[in-house]
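Protein chains in written order, with my numbering: chain H, 595 to 873; chain Y, 3 to 369.
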């Protein structure tokens, strides 16, 4: 009884604000709507058929590629960063970790707008490159897929660094020393000891970066200039502009499906490489 | 057109600038007759009005209530789609809704809008005769026009080699301008430049024609700086953009900031958009709603739109009441109703047409 009381608020929250909306989305995805957005109460698979149109599949593929590149870059930047932080003297670690999450204290839109200022053709990056003579004409950085990736990477990199830091920090240094003592090269120690044991942290970070990147619609809109469209933009437009909730629901479920597959993969891989139960 | 109102702060700033420049405080002030007493037919009625933000004077509800005794609550919407969604969600409580003509047409066909009783709106006589023959609602049976205008090209005179004259100046931009253009992304105006350039109707629902429209727009997409519905005028001011597709009132925002900005309706023609006032069939306050629309149509009230947000209004004495300095400052305000009517009035596309446009828009977005 006491346990139920403790769980109560969380369960209520999850049921009302998480499970019910998802149930609604699943339900709506089998309906059809008229042009005023009013639902017709007949079960149909029409929206699923429409979502299989190459048009939507292409947007989904683009989104997966953009989110994938973002995640890969986040690992490449986040791993050495987390490593360096774990190597700092303890009192400095806290300072640097706070610096890593500091951007979250500023409004997300403000930070994204800052990228518009930085990247636009009249902006400082293009200006400096022109000033030192590296480029002749203003550089079009903004409103490209690259700008979208830069914005996503900036927004979600801390979510990669933190779990990686935890994984690296937990690593028992004696394991690496033992490997070295037994004659392994530094590279070999990294590849056969350190990397597998920190992989679960990297996987958690990858999920944290990939999932919000995949569904994001604000950054593609602001930094992609409407020219790079991700699945999140389509879902938003179908919900709010076209008012085709059934199609929007199907598209939203496609992201949910990708997320489920990733979570299963992550848990399989983590179990295989879990530091304790190595089999 | 107005998603407008995402730029509310800017709009107000421009409004202030315009008001200062004109120094005609008197023309906006209410010409209220102290002898008028509240109409007994309105007793006990109240109004909820949904409008784009900053699209009418902020003190209007208070002034209307002082005169009629009818309390007014304002809610805002950002887009036509949003207000339609609000109205159809049921029990919206909204009595009067502002929306573009083609949306009023669709809602009228769906039976959601009340007929306008012209006898209760005597000031409807102030409308230009042309404003009585708009294709989405001839005779204004279910809507009353509030503001109207067209769509064209807004450009920096110092950044283009020659002033644009054709939609092709946007669709296939000259070398120096390529990469420095923006186009609107709200569906009807996304299609408009290609539709007009190809000689099609802005209301075409012919799939073969729309495929040509799509191909032309897909060819344009790589030359664009961005699709932009809300900030293109500030891009002109900063010089980031040299040529943009713009609703006429919005070009004025760039002009008001002092940039060297020109405005042209391309030679192939353009659209005539109208934002209207409608009364909901579900409203229990129809007399008060009619009285409100009648109040708006007073010349001294309606001219606020021209002087503060630089849109044209279809109200002859209201346009006449506008300070000539305002009319001279903004080129689009000089268009006469007859010239406006030469542009093509946007009408509702119907269920299949709307689906076709959505599909084409998705294809353009995804490519």
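Where a beta carbon is used, it is the ideal one built from N, C-alpha and C, also for glycine.
What whole-angstrom Cβ distance do residue 114 of chain Y and residue 283 of chain Y have, given they're in contact under 8 angstroms?
Indeed, because the Cβ distance is near 6 angstroms, the residues count as touching under 8 angstroms.
Determine the contact status of residue 50 of chain Y and residue 154 of chain Y, defining contact as a CB-CB distance below 8 angstroms.
Contact flag unset, no.
Taking Cβ-Cβ distances below 7 angstroms as the criterion, which residues of the stretch 180-193 of chain Y are in contact with chain H?
Listed by position, the residues of the stretch 180-193 of chain Y near chain H (Cβ gap below 7 angstroms) are 181, 187.
What residues from chain Y crowd round residue 724 of chain H, counting only those whose CB sits closer than 9 angstroms?
What residue 724 of chain H touches in chain Y: nothing, since even the nearest Cβ is about 14 angstroms away.
Give every residue of the same chain whose Cβ lies closer than 7 angstroms to the Cβ of residue 313 of chain Y, excluding the five residues on either side of it in the sequence, and list them in chain order.
Only 149, 151, 251, 307 meet the Cβ criterion.
Residue 100 of chain Y: buried (16+ other C-beta within 10 angstroms of its C-beta) or exposed?
Residue 100 of chain Y comes out buried.
By the criterion of Cβ-Cβ separation under 7 angstroms, what are the contact partners of residue 737 of chain H in chain C?
The structure shown contains no chain C; its protein chains are H and Y.
Return the residue from the list Y:139, Y:94, Y:133 that minimises the CA-CA distance to residue 103 of chain Y.
When each option's Cα is compared against that of residue 103 of chain Y, the closest is Y:139.
Indicate whether at least one CB of chain H lies closer than 8 angstroms to the CB of residue 221 of chain Y.
No, residue 221 of chain Y does not count as interfacial toward chain H.
Take the Cβ of residue 360 of chain Y as the centre, count every other Cβ of all protein chains shown within 10 Å, and call the residue buried at 16 or more, exposed below.
The residue is buried, with at least 16 neighbouring Cβ atoms inside 10 Å.
Check whether the stretch 163-178 of chain Y touches the stretch 242-251 of chain Y, taking contact to mean three or more Cβ pairs, one atom from each stretch, closer than 8 angstroms.
A contact exists between the stretch 163-178 of chain Y and the stretch 242-251 of chain Y.
So the alpha helix (DSSP H) residue 101 of chain Y belongs to, where does it begin and stop?
Not the alpha helix (DSSP H): residue 101 of chain Y falls in the beta strand (DSSP E), residues 98-102.
Going along chain H, which residues have a C-beta under 8 angstroms from residue 214 of chain Y?
The contacting residues do not exist; residue 214 of chain Y stays about 18 angstroms from chain H at best.
Alpha carbons only, please: which of Y:233, Y:95, Y:271, Y:215 is nearest the one belonging to residue 254 of chain Y?
Among Y:233, Y:95, Y:271, Y:215, the Cα nearest to that of residue 254 of chain Y is on Y:233.
With burial defined as no fewer than 16 other Cβ atoms inside 10 Å of the residue's Cβ, what is the status of residue 27 of chain Y: buried or exposed?
Because the pLDDT at residue 27 of chain Y is just 35, under 50, the model does not fix this residue reliably, and the point stays unresolved.
Given 8 angstroms as the limit, is there contact between the stretch 682-699 of chain H and the stretch 790-808 of chain H, that is, 3 or more CB pairs closer than that?
Because the criterion of three Cβ pairs below 8 angstroms is not met, the stretch 682-699 of chain H and the stretch 790-808 of chain H do not touch.
Using a Cβ cut-off of 8 angstroms, pull out every chain Y residue sitting near residue 628 of chain H, in sequence order please.
Those are 353, listed as they occur along chain Y.
Between residue 792 of chain H and residue 765 of chain H, how many whole angstroms is the CB-CB distance? I'm expecting something under 8 angstroms.
Between residue 765 of chain H and residue 792 of chain H the Cβ distance is about 6 angstroms, and since that is below 8 angstroms, they are a contact.
For the alpha helix (DSSP H) that contains residue 750 of chain H, what are its first and last residues?
Start and end: 739-764.
Using a beta-carbon distance cut-off of less than 9 angstroms, what residues from the stretch 651-664 of chain H approach chain Y?
Cβ contacts with chain Y come from 652, 653, 656.
Go through the stretch 814-865 of chain H residue by residue and report every complete run of the alpha helix (DSSP H) that reaches 4 residues or more, in order.
Those alpha helix (DSSP H) runs which fall completely within the stretch 814-865 of chain H and span 4+ residues are 825-834.
Which one or two residues does DSSP pair with residue 79 of chain Y in a beta bridge?
Beta-bridge pairing links residue 79 of chain Y to Y:54.
Given that residue 247 of chain Y touches chain H, what residues does it touch there, using C-beta distances under 8 angstroms?
The premise fails here: residue 247 of chain Y is roughly 13 angstroms from chain H at the closest Cβ pair, so nothing lies under 8 angstroms.
Would you identify the three-state DSSP class for residue 809 of chain H, choosing helix, strand or coil?
DSSP places residue 809 of chain H in helix when its eight states are reduced to three.
Taking only the alpha-carbon atoms, compute the straight-line gap between residue 223 of chain Y and residue 109 of chain Y and give it to the nearest angstrom.
Whole-angstrom Cα-Cα distance: 33 angstroms.
Would you kindly work out how many angstroms separate the C-alpha atoms of residue 191 of chain Y and residue 639 of chain H, rounded to a whole number?
Cα to Cα, residue 191 of chain Y sits roughly 32 angstroms from residue 639 of chain H.
Residues of chain Y with CB under 9 angstroms from residue 734 of chain H, in chain order?
Residues of chain Y passing the Cβ test: 181, 227.
Could you give the distance in angstroms between the alpha-carbon of residue 240 of chain Y and the alpha-carbon of residue 716 of chain H?
One C-alpha to the other measures close to 8 angstroms.
My guess is that residue 136 of chain Y and residue 276 of chain Y are in contact by the Cβ rule of under 8 angstroms, so how many angstroms apart are they, rounded?
Rounded, the Cβ-Cβ distance is 6 angstroms, consistent with contact.
Please compile the residues from chain H whose C-beta is within a distance smaller than 9 angstroms of the C-beta of residue 104 of chain Y.
Under the 9 angstroms cutoff, chain H gives no residues; its nearest Cβ is about 12 angstroms from residue 104 of chain Y.
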